[in-house]
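> Take this note's numbering: the final residue in the sequence shown is number 399, and no numbers are missing along the way.
Questions regarding the structure given below will be posed in turn.
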Amino acid sequence: MGKKLIFFHKEEFSTYKSMMTNKGYIINSITKYLNSNDILENFDYQSEIIDLSSLTFAFKNDNLSFQLEQLLPFFSDETIFIADVKYEEVLTYELRYCFDEFEDLEIELPKDNKPNIGVGKSFIKKKIIDLKGDELKNFWNEFNGRLYGHQKFKDDFFKLVNVFNIFNALGEHKILSLFVLGDSGVGKTEIARVLQKCLKGKNKLAKINFGNYSSKDALNSLIGSPRGYVGSETGELFEKVKESDVGLILIDEFEKGDTAVFNYFLEVLENGKMTNSQGEEIDLNGYTIIFTSNISKENFKKVISPELRSRFNYKVHFSLLFNNDKDKFVRYRLGEIMNKFETKFNLEFPNDTHDNLVSKIEVSKFKNMRDLNKEIKDKFVEYITQTVIDNDENLEIDY
Ligand SMILES: Nc1ncnc2c1ncn2[C@@H]1O[C@H](COP(=O)(O)OP(=O)(O)O)[C@@H](O)[C@H]1O
Ligand SMILES: [Mg+2]
1 MGKKLIFFHK EEFSTYKSMM TNKGYIINSI TKYLNSNDIL ENFDYQSEII DLSSLTFAFK
61 NDNLSFQLEQ LLPFFSDETI FIADVKYEEV LTYELRYCFD EFEDLEIELP KDNKPNIGVG
121 KSFIKKKIID LKGDELKNFW NEFNGRLYGH QKFKDDFFKL VNVFNIFNAL GEHKILSLFV
181 LGDSGVGKTE IARVLQKCLK GKNKLAKINF GNYSSKDALN SLIGSPRGYV GSETGELFEK
241 VKESDVGLIL IDEFEKGDTA VFNYFLEVLE NGKMTNSQGE EIDLNGYTII FTSNISKENF
301 KKVISPELRS RFNYKVHFSL LFNNDKDKFV RYRLGEIMNK FETKFNLEFP NDTHDNLVSK
361 IEVSKFKNMR DLNKEIKDKF VEYITQTVID NDENLEIDY
């Protein structure tokens with residue numbers, strides 16, 4: 001038996017990856033092993049898969065080619081090697097002495113994992129611009145109902161989307177970008193969660209927290225490292241956007257990003273597409289990108305450059321919610337918790353429970369909705385421990 005190289009189609013990659021991850025494998029780019037003997041010595045073919053895709057760029061460099069031909073025999077024949085099928089021609093030729101077999105990956109893709117033809121994404125993305133007629137009406141009803149308060153923003157956003165729909169169709173406006181400022185816990189991030197729900201997204205929201213992207217090499221982890229370097233991969237941004245099923249990206253804690261990361265996004269907003277270090281592109285036409293930040297209104301101009309500021313289609317400062325909006329939030333949250341509890345433990349609360357609990361919560365004391373949410377939970381637990389559990393010895397709850 002000799003060595004085998006398996007080619008995958010990029011639509012297959014995420015399914016293959018999760019399949020193999022479940023079996024205990026991790027997939028590493030060959031570049032990881034190029035410069036380190038330690039890593040090579042500790043290599044375990046039963047838990048590591050090697051992706052050779054990035055080699056394609058190495059063959060232009062004779063030194064590297066030579067190094068590679070020496071490197072590959074170190075891996076046992078059982079090692080699983082994979083590569084993107086788009087490099088099939090180069091790799092089958094350049095590696096003709098290293099491998100005995102070349103094969104195509106054959107896996108069943110899940111039904112909803114249809115490739116988005118033309119742009120090579122894993123999931124079809126539902127976007128705001130796709131909504132028409134009743135679907136659009138329902139979208140707005142739901143959006144207004146789920147996001148409490150911020151009426152001026154909601155009115156503006158409605159108009160903004162109408163303008164976007166038209167000018168996107170005319171080819172003049174690719175990405176709808178919002179910049180949301182304001183104190184903690186007033187619903188900045190919630191906008192994106194609500195949009196995701198209203199677009200009927202089933203997968204994870206494509207959320208990037210720039211708090212994790214403040215170091216000098218931040219751009220590498222965001223969009224992958226340059227060709228041929230250690231750790232070369234597609235980058236977190238690409239993976240998240242591909243896995244999402246809505247045309248929406250959330251960038252949290254925007255002000256914390258490194259300058260290179262800012263500049264990258266400047267380009268994304270300018271060109272309507274994102275490109276990673278491997279030269280792979282994702283067309284973001286019709287996307288909504290929400291940037292949030294805790295910086296004060298005053299610091300906004302200091303921290304965010306004029307070029308970047310002018311790229312955002314809409315900037316808004318979220319003020320604290322009014323008491324009546326907080327009240328609505330309390331009523332909704334309590335109702336939600338009580339319903340879940342009733343279903344889970346198959347019981348029914350007395351009719352006045354909801355109102356009684358609502359009246360125990362003084363919304364004016366709370367500015368941050370996270371704190372208010374905690375108060376709701378505390379009051380609920382207090383009620384449960386005092387009444388239900390005392391009265392019902394059969395109730396078992398895992399705390
Ligand atoms: N305007 C709002 N409408 C609905 N829920 C909200 C609102 N503001 C805050 N919340 C609730 O409070 C939590 C924290 O809000 P979030 O948007 O994450 O805060 P931040 O403004 O710091 O991003 C959310 O999970 C949500 O449940
Ligand atoms: Mg937030």
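Quick reminder that beta carbons are idealized off the backbone N, C-alpha and C, glycines included.
Taking 7 Å as the limit between beta carbons, can you name the residues of its chain near D130, skipping five residues before and five after?
Result list for D130: empty, nothing under 7 Å.
> Leaving out five residues on either side along the sequence, give the residues of the same chain with a beta carbon under 6 Å from the beta carbon of D104.
Result list for D104: F7, in chain order.
> Following the continuous alpha helix (DSSP H) through V90, name the residue where it begins and the one where it ends.
Here the alpha helix (DSSP H) through V90 covers 88 to 94.
> Under the three-state reduction of DSSP, which class applies to E11: helix, strand or coil?
In the structure shown, E11 sits in a helix (DSSP, three-state: H, G or I).
> Collect the residues with a C-beta less than 6 Å away from any heavy atom of ligand 2 and give them in sequence order along the chain.
That query returns the following residues: K188, T189, D252, T292.
> Comparing the CB of S319 with every heavy atom of ligand 1, is any distance shorter than 7 Å?
Result no, Cβ not under 7 Å from ligand 1.
> If you run the structure through DSSP and keep just helix, strand and coil, what is L357?
In the structure shown, L357 sits in a helix (DSSP, three-state: H, G or I).
> Is V186 near ligand 1 - that is, is its Cβ less than 7 Å away from at least one heavy atom of it?
The answer is yes for V186.
> Judging by CA-CA distance, which residue of K200, L269, E255, G224 is the nearest neighbour of D245?
Out of K200, L269, E255, G224, K200 has the C-alpha closest to the C-alpha of D245.
> Only counting runs of 4 or more residues, tell me where the alpha helix (DSSP H) segments fall wholly within the region 317 to 368, in order along the chain.
Whole alpha helix (DSSP H) segments, 4+ residues: 323 to 345, 353 to 360.
> Kindly indicate which three-state DSSP category Y25 falls into: helix, strand or coil?
Note: Y25 maps to coil in three-state DSSP.
> Per DSSP, what kind of secondary structure is K84 in: helix, strand or coil?
It should be noted that the sequence gives Asp, not Lys, for residue 84. The answer is strand: DSSP assigns D84 an E or B state.
> Going by C-alpha distance, which of V303, P306, I304, K240 is nearest M274?
When each option's Cα is compared against that of M274, the closest is K240.
> Can you list, in chain order, the stretches of the beta strand (DSSP E) that have 3 or more residues and sit fully within the region 44 to 68?
If we require 3 residues or more, the beta strand (DSSP E) runs fully inside the region 44 to 68 come out as 48 to 51.
> Using 7 Å as the cut-off, classify the Cβ of G149 as near or not near the heavy atoms of ligand 1, replying yes or no.
Correct: G149 has its Cβ closer than 7 Å to ligand 1.
> Kindly indicate which residue of F13, I361, V261, G171 has the alpha-carbon position closest to the one of L237.
Considering only alpha carbons, the answer is V261.
> As a quick exercise: from Q70, S53, E11, pick the residue whose alpha carbon is nearest that of N28.
Closest by alpha carbon: S53.
> Measure the C-alpha to C-alpha separation of L357 and I249 and round it to an integer number of angstroms.
Going from the Cα of L357 to the Cα of I249 covers about 37 Å.
> Return the first residue and the last residue of the beta strand (DSSP E) that F102 is part of.
Run containing F102: 101 to 104, per the beta strand (DSSP E) assignment.
> Give, in chain order, every unbroken run of the alpha helix (DSSP H) that is at least 4 residues long and sits entirely within the region 210 to 266.
Taking only runs of at least 4 residues, the alpha helix (DSSP H) segments lying wholly in the region 210 to 266 are 218 to 223, 236 to 243.
> Out of E101, A58, L147, which has the shortest C-alpha to C-alpha gap to D420?
Because the chain in this structure spans residues 1 to 399, residue 420 falls outside the shown range and cannot be described.
> Pop quiz: F139 and C98 are said to be a contact at Cβ under 8 Å. What is the actual Cβ separation, rounded to whole angstroms?
Between C98 and F139 the Cβ distance is about 54 Å, and since that is not below 8 Å, they are no contact.
> Excluding the 5 residues preceding and the 5 following V303 in the sequence, name in chain order all residues of the same chain whose CB lies nearer than 6 Å to its CB.
E255, I295.
> Bridge partners of V180, per DSSP?
T292, V316.
> When the Cβ atoms of the region 319 to 327 are set against those of the region 207 to 219, are three or more pairs found closer than 8 Å?
Judged by Cβ distances under 8 Å, the region 319 to 327 makes no contact with the region 207 to 219, as fewer than three pairs qualify.
> With a threshold of 16 other CB atoms inside 10 Å of the CB of Q386, please say whether the residue is buried or exposed.
By the neighbour-count rule (16 or more Cβ atoms within 10 Å), Q386 is not buried but exposed.
> What is the DSSP secondary structure of E78, reduced to helix, strand or coil?
It is coil, neither helix nor strand.
> What is the DSSP secondary structure of I304, counted as helix, strand or coil?
In the structure shown, I304 sits in coil (DSSP, three-state: anything other than H, G, I, E or B).
> Is R331 close to ligand 1? I mean its beta-carbon at under 7 Å from any heavy atom of the ligand.
Checking the Cβ of R331 against ligand 1 gives no.
> Quick one: measure Cβ to Cβ for K59 and E94, integer angstroms, because I've assumed they're closer than 8 Å.
It is worth fixing the name first, because residue 59 is Phe in this sequence and not Lys. Between E94 and F59 the Cβ distance is about 5 Å, and since that is below 8 Å, they are a contact.
> Using 10 angstroms around the beta-carbon of L170, count the other beta-carbons present and answer buried if the total reaches 16, otherwise exposed.
Exposed, because fewer than 16 other Cβ atoms sit within 10 Å of the Cβ of L170.
> I'd like the span of the alpha helix (DSSP H) that includes K159, first residue to last.
Unbroken alpha helix (DSSP H) run through K159: 151 to 169.
> Between L72 and the rest of its own chain, which residues show a CB-CB distance below 7 Å, the 5 nearest in sequence each way excluded?
So the qualifying residues of the chain are C98.
> Please state whether DSSP places L131 in a helix, a strand or coil.
If DSSP states are grouped into helix, strand and coil, L131 belongs with coil.
> Would a C-beta distance cut-off of 8 Å place R311 and E270 closer than the cut-off?
Yes. Within cutoff.
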